[in-house]
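Trainee: Numbering of the sequence shown is given in my numbering, commencing with residue 540 and proceeding in unit increments.
Ideal Cβ placement from N, Cα and C applies to all residues, glycine included.
Quick one: the structure is below, and I'll ask about it shortly.
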Amino acid sequence: MKLLYRLDKQGMEQPVPAGHSFPEAYDIAVVGLGTAGALAAISAARRGHRVLGIERLNCMGGTGTAGTVQGYYFGSRGGLYEALDEEVAALGHHGFTKTGGVNGELKKAVLEKHASEAGVTVLYECSVIGVYMDGEKTVGLRWLGPDGLCEAGARVIIDCTGDAEVCVTAGGAFRMGRSSDGQCQPFSNVIKQVTGYGVHQFYTDSGYVDPTDGDSISQAIIDSALRTTHLKDRYEAKDRLIYVAPQLGIREGRFIDGEYNITLDDFLQDRLSDQPVFYAYSNLDNHSKDVALESESYQDWIVAASLWGLNVSVPVPLGALIPRQMDGMLVAGRCIALDHDMATLVRMKRDMQKCGEAAGIAASLAIELDVPLRGVPHAALSALLRSTGCLDERNHVGLRLPDPAKNDLGTDPRWLAEIPAIRLALASDRPGIAIWSAKRLGARINDELRQWLLSGESDEQLRRHSAIALALQEDRAAVPLLRQMVRERDSYVPRTSRKYNQVRGYAAIYLLGRLADAEIVPELLNILSDRDSFANVSTDVEFINSDEEYYFQFFTFSLTALFRIGDKHVETRQAIARAVGELVVQPDFALSVTLKPSKDQHYEMTGTILRLVESKLRQWGESELPAPGTAPVGRSG
């Protein structure tokens, strides 16, 4: 047996003397009693197991209590959390202040009540600092708390820390952030205020944070506490603020490498698990505005098809909660085995509570059947989860698999299969479903798309949306019209989604970059240096609310398209590197965006762009960025 721990961010281990015994032994230890962990502990204890719950804060519930995120965005219905929320609502009618959503203070009490009744041993203000391993199996924990250094054995450990801290300490593999620059989504502050209808809360995104870095966390807490969203020069009568939530609203951190990894590519290609323990349900709700730095799969969906607002369901199997090549540990919460793209959907509070419930019952079943976690039979587990409502097939948007022979597009009945219906939608101001339906049909509709591409000016919407649909299939017949859209800086904004629809001009830029069209390079370079000509026409003021943000989108999409073109066409690299390098080192070069949903909280993006440019120039073997006013960038030697 050995003890694994982390020191200065480095994994360490030390041997444990033979015959070592723990002062206490539990069936299940849950680390983190937040959104997922509270439900995991209660679910496991209700099955008669001895459960230890370790929490570094002083309450249960996490984001929904200490984080003051009391409402639900989306997520699927059913399971233990609904009964708990009903109990909270009932208490709210008996002398407590009326509040929006699920009263966080009352939910703390309800969770503690049920944990106590189920027999969970709860330890607050304690932090796990070590994991005992016997081979590849976790067998115990070490933590630091008010009693000093403590330890206990556990047959199963459930890591609900939000950032897979226990799993990583035990040597588990993980990934973090998007592939372009490692960036995670922005975090939020939640502010409690008094309104004419009671006590409510509002949030504002407050910047970016690395939740695995102590300095980053501390600085984010300080910076966000000093935001002008709540510290104002002058307060109006309506500004009756109570407090800023003591816990940051962090959306994303580490993701484990699981026995089953849920990726956006798999979802888009209908490679879905047929053994779910719950269904997640939402749209791809990424709060970042630098969408041009996201993956191609994400941009296909969000930018080309403008499908930000389309809600979908994702089956989550037990394998996504099991760290690869590790036994005795489950992970529940936002750090399960996702990629950065799917995490924008599989993170909603309803679903993370269901994730915790599923983990607690799966851990219990593994002990009761005396099998490894990966050996828990799905039939037995799913039966238990159906009995509580945690697993409910009605939460899934369709269950059919695609059948090309029958022109059946499968899992989502909203996809269009009939050519006339696709044509009609492509000609409308809500083309997104038709664009993606055409992509799913592929070669079966491409002849019609090419014909529509040549339609007269009276069918301009049909022509341009057909070009987008063809480009998504890498059909170069779309290129001439896409070039025209870029040169015109097409300002059309579709209405497919309820908000965050993407401007067609920079969607065309993205697609030309994806197609590596070298001919468009001069026009893209012109866009980069033509800031003054961009006047905001977007009506979505939460996503683009100024000329600066409008230019930021065209700039970043042009920049990333240039990099994609340079990756494929070596002969273009020197000209791209020279022009981009000279531009970004100018003293007045600056880019910024506002953070959702505010219109006055600005976030500096200049550093992000400089790092992106420097990284790409190094990759290409070009020289370092020049000092302002010096010779153009070129190859060394």
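For residue 682, write down the residues that DSSP places opposite it in a beta bridge.
Mentor: 667 and 689
Trainee: Is it the case that the Cβ atoms of residue 1155 and residue 1102 are separated by a distance below 7 Å?
Mentor: yes
Trainee: Would you list the residues sitting across from residue 564 in a DSSP beta bridge?
Mentor: DSSP, once it has assigned bridges, lists 692 as partnering residue 564.
Trainee: Contact between the stretch 907-919 and the stretch 729-742 is defined here as three or more beta-carbon pairs at a separation below 8 Å; is this criterion met?
Mentor: no
Trainee: What are the residues that DSSP puts in a beta bridge with residue 552?
Mentor: 543
Trainee: Here's the rule: buried if 16 or more other CB atoms are within 10 angstroms of the residue's CB, otherwise exposed. What is residue 945?
Mentor: Note that residue 945 scores a pLDDT of 44, beneath 50, so its modelled location is shaky; the value from the coordinates is reported in the next line. By the neighbour-count criterion, in which 16 or more other beta carbons inside 10 Å mark a residue as buried, residue 945 falls on the exposed side.
Trainee: Which ranges does the beta strand (DSSP E) cover as unbroken runs of at least 3 residues, wholly within the stretch 686-769, from first to last along the chain?
Mentor: You should have 687-698, 713-715, 726-734 and 737-746.
Trainee: Based on the DSSP output, what are the partners of residue 862 in its beta bridges?
Mentor: DSSP, once it has assigned bridges, lists 797 as partnering residue 862.
Trainee: What do you get for residue 1174, buried or exposed, if any count of 16 or more other CB atoms within 10 angstroms of its CB means buried?
Mentor: Confidence at residue 1174 is low in this model, with a pLDDT of 34, below 50, so the placement of that residue should be treated as unreliable; the coordinate-derived value is given next. Residue 1174 comes out exposed.
Trainee: Can you look up residue 673 in the DSSP assignment and give me helix, strand or coil?
Mentor: strand
Trainee: Just the Cα atoms here: how many angstroms apart are residue 612 and residue 669?
Mentor: 35 Å
Trainee: Could you spell out the range, first to last residue, of the beta strand (DSSP E) harbouring residue 856?
Mentor: 851-856
Trainee: Going by C-alpha distance, which of 1011, 667 and 681 is nearest residue 979?
Mentor: 1011
Trainee: Measuring from the CB of residue 1152, is there a heavy atom of the ligand SAH at a distance below 6 Å?
Mentor: The model depicted lacks the ligand SAH and carries no ligand whatsoever.
Trainee: Should residue 562 go down as buried or exposed, given a rule of 16 or more other Cβ atoms within 10 Å for buried?
Mentor: exposed
Trainee: Would you identify the three-state DSSP class for residue 1124, choosing helix, strand or coil?
Mentor: coil
Trainee: Given residue 1074, which residues of its chain have a CB within under 8 Å of its CB, disregarding the five upstream and five downstream residues?
Mentor: 1086 and 1089
Trainee: What residue range is occupied by the uninterrupted beta strand (DSSP E) comprising residue 1133?
Mentor: 1131-1133
Trainee: Entirely within the stretch 1006-1082 and at least 4 residues each: give me those alpha helix (DSSP H) ranges in chain order.
Mentor: 1018-1026, 1043-1053 and 1060-1067
Trainee: Span of the beta strand (DSSP E) holding residue 653?
Mentor: Unbroken run through residue 653 is the alpha helix (DSSP H), 643-657; no beta strand (DSSP E).
Trainee: Is residue 806 helix, strand or coil by DSSP?
Mentor: helix
Trainee: Have a look at residue 875 and residue 859 and give me their C-alpha separation to the nearest angstrom.
Mentor: 6 Å
Trainee: Distance, Cα to Cα, residue 831 vs residue 901?
Mentor: 40 Å
Trainee: Tell me the rounded alpha-carbon separation between residue 1113 and residue 795.
Mentor: 39 Å
Trainee: Would you identify the three-state DSSP class for residue 574, choosing helix, strand or coil?
Mentor: coil
Trainee: Suppose you measure from the CA of residue 754 to the CA of residue 569; what does that come to, to the nearest Å?
Mentor: 26 Å
Trainee: Residue range of the beta strand (DSSP E) that residue 780 falls in?
Mentor: 780-783
Trainee: Excluding the 5 residues preceding and the 5 following residue 971 in the sequence, name in chain order all residues of the same chain whose CB lies nearer than 6 Å to its CB.
Mentor: 844, 845, 846 and 1035
Trainee: Mind checking whether residue 677 and residue 868 have CB atoms under 7 Å apart?
Mentor: Contact flag set, yes.
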